[in-house]
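Numbering follows numbering that gives the first Met the number 0, in which position 247 of the sequence shown is assigned residue number 246; successive positions increment by one, without gaps. Using N, Cα and C, we set each Cβ at its ideal position, and we do this for glycine too. Note that the coordinates shown come from a computational prediction; the quantities given were computed from them, not determined experimentally.
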Amino acid sequence: MRDKNLMFAIIGCFAISIAFVLVIIWEIKKSIDNDERVQQMSKKANDVEVADNRDFSIYETLVGDDLREMILIPEGIFSRGSDSGGFDEKPMQEIYLHAFYVDKYEVSVEAYNKYRKVAKYVEPSVPFFQGDSEVMKIPSHAVVGVSWHDAVNYCTWAGKRLLTEAEWEKAARGTHGLKFPWGNKLLPKRANLAGTGDGHAYMSPVGSYPMGRSVYGVYDMAGNVSEWVDDFYDQFYYKSAPMMNPTGPENRKNRVFRGGSWDARSVDIRTAKRFAASPGRKDGILGFRCGRSKNPK
């Protein structure tokens, strides 16, 4: 009888052990299944276009002499350049800038025509435009076919100036060195770049991509049209530039333009990307926006 009870006890313990192992296996399987679901949800979340609910009301605005809205970029430091981009973007480092205002939108054909009418100024032109040149005359579109000198003349007339290269970059990428104005990942419907997937084969009306605004609420800092800035271009300038309010090198041949355009690849609409051209160049990809010091001297 004792042997029989011992046998039942052993069988019972064995059964309990088997059940315990099965429970562990089941829990492990549930955990694996849960991890897979979480990973699938994360992947889907990364693929979903998240609505832009950033609040830009904290930034002070004013209306310039040309009756166009400007946004205040606060004083302070920001990360300029890139250690993983072109050699002329290195080194990435912190730069201090005084506060300044920047046009919320690129200068449009309509705004530029008002200036031309008052100043009796020459019409924009390009030597060659690959599409229908009539697109350059649509009032809501960003103006192109303007030289650096044309841009300076407009900004001066409007009581403004061209941005420095450093100011342009801070307005585009914020204080933390974002790769694109909206973040570090290329996303759809954020910018007008090469191709028609963004809805435009050439330049588009200014402000067409609200999801692509910079952290300050500035539109079209990537794509649409490239933008003249004030600085001369020097490929090695970042290595010796001052850390406070840099204004570019002295007496070089070319001027800087930034931001990529409707004809640019994704790599060329990065906020750190630098371009240069003769100040007399007029092109179907080149426009501008103006800036203004908060406390002009």
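DSSP three-state label for Thr155, please. Sequence index remark: in the sequence shown, residue 155 carries index 156 (1-based). In this structure, DSSP gives Thr155 a helical state, which the three-state scheme calls helix.
By DSSP, does Asp230 sit in helix, in strand, or in coil? Translated into the one-based positions of the sequence shown, residue 230 becomes position 231. In this structure, Asp230 counts as strand in the three-state DSSP scheme.
Report yes or no: do the region 223-232 and the region 160-176 share at least 3 C-beta pairs separated by less than 8 Å? Flag = yes, the region 223-232 and the region 160-176 touch.
In whole angstroms, give me the CA-to-CA distance for Ala317 and Ile94. Outside the displayed range of the chain (0 to 296) lies residue 317, so it cannot be described from this structure.
On the DSSP bridge assignment, give the partners of Ser292 in chain order. Translated into positions along the sequence shown, residue 292 becomes position 293. Note: Ser292 sits in a beta bridge opposite Phe99.
Please report the straight-line C-alpha distance between Tyr114 and Phe99, rounded to a whole angstrom. Residue mapping note: residue 114 aligns to position 115 of the sequence shown, counting from 1. Residue mapping note: residue 99 aligns to position 100 of the sequence shown, counting from 1. Each residue's alpha carbon lies about 23 Å from the other.
In three-state terms, what does DSSP make of Gly173? For the purposes of this step, residue 173 is identified with residue 174 of the sequence shown, where counting begins at 1. The answer is coil: DSSP assigns Gly173 none of H, G, I, E or B.
Here's the rule I'm using: 16 or more other beta-carbon atoms within 10 Å means buried, otherwise exposed. How should Arg291 be labelled? Working through the sequence shown from its first residue, we reach residue 291 at position 292. With a threshold of 16 other beta carbon atoms within 10 Å, Arg291 meets it and is buried.
Can at least three beta-carbon pairs, one atom from the region 119-127 and one from the region 187-204, be found at a separation below 8 Å? In short, these stretches do not touch, since the Cβ pair count stays below three.
With the cut-off set at 9 Å, would you say Tyr153 and Val106 are in Cβ contact? Residue numbering aside, residue 153 sits at position 154 when the sequence shown is read from its first letter. Residue numbering aside, residue 106 sits at position 107 when the sequence shown is read from its first letter. Tyr153 is a Cβ neighbour of Val106, given a cutoff of 9 Å.
Could you give the distance in angstroms between the alpha-carbon of Pro90 and the alpha-carbon of Val117? Residue mapping note: residue 90 aligns to position 91 of the sequence shown, counting from 1. Residue mapping note: residue 117 aligns to position 118 of the sequence shown, counting from 1. One C-alpha to the other measures close to 44 Å.
Fully enclosed by the region 205-249, which beta strand (DSSP E) runs are 3 residues long or longer? The region 205-249 contains these whole beta strand (DSSP E) runs: 225-231.
Name the one or two DSSP bridge partners that Arg115 has. Stepping through the sequence shown from its first residue, residue 115 is reached at position 116. Answer is none; Arg115 lacks a bridge partner.
Let me know the secondary structure DSSP gives Ile72 once reduced to three states. Reading the sequence shown from its first residue, position 73 is the one you call residue 72. Annotated three-state conformation of Ile72 is strand, per DSSP.
Take Asp102 as the anchor and find which of Ser83, Phe77, Arg67, Tyr111 has the nearest alpha-carbon. Taking the sequence shown and counting its residues from 1, one reaches residue 102 at position 103. Taking Asp102 as reference, the option from Ser83, Phe77, Arg67, Tyr111 with the minimal CA-CA separation is Arg67.
Who are the near neighbours of Tyr236 in its chain, counting only those whose CB is closer than 6 Å to its CB and skipping five residues on each side? The residue given as residue 236 occupies position 237 in the sequence shown. Correct list, in chain order: Pro248.
When the Cα atoms are used, what is the spatial distance from Gly75 to Ser265? On the sequence shown, position 76 is the one that residue 75 refers to. On the sequence shown, position 266 is the one that residue 265 refers to. About 29 Å.
Residues in the same chain with beta-carbon distance under 7 Å from His175, minus the five sequence neighbours each way, listed in chain order, please. Reading the sequence shown from its first residue, position 176 is the one you call residue 175. If we look at His175 and ignore the five residues flanking it on each side, its Cβ neighbours are Ser78.
So the candidates are Pro180, Val108, Lys293; which of them puts its Cα closest to the Cα of Met135? Taking the first residue of the sequence shown as 1, we reach residue 135 at position 136. Looking at the Cα atoms, Val108 is the closest of the given residues.
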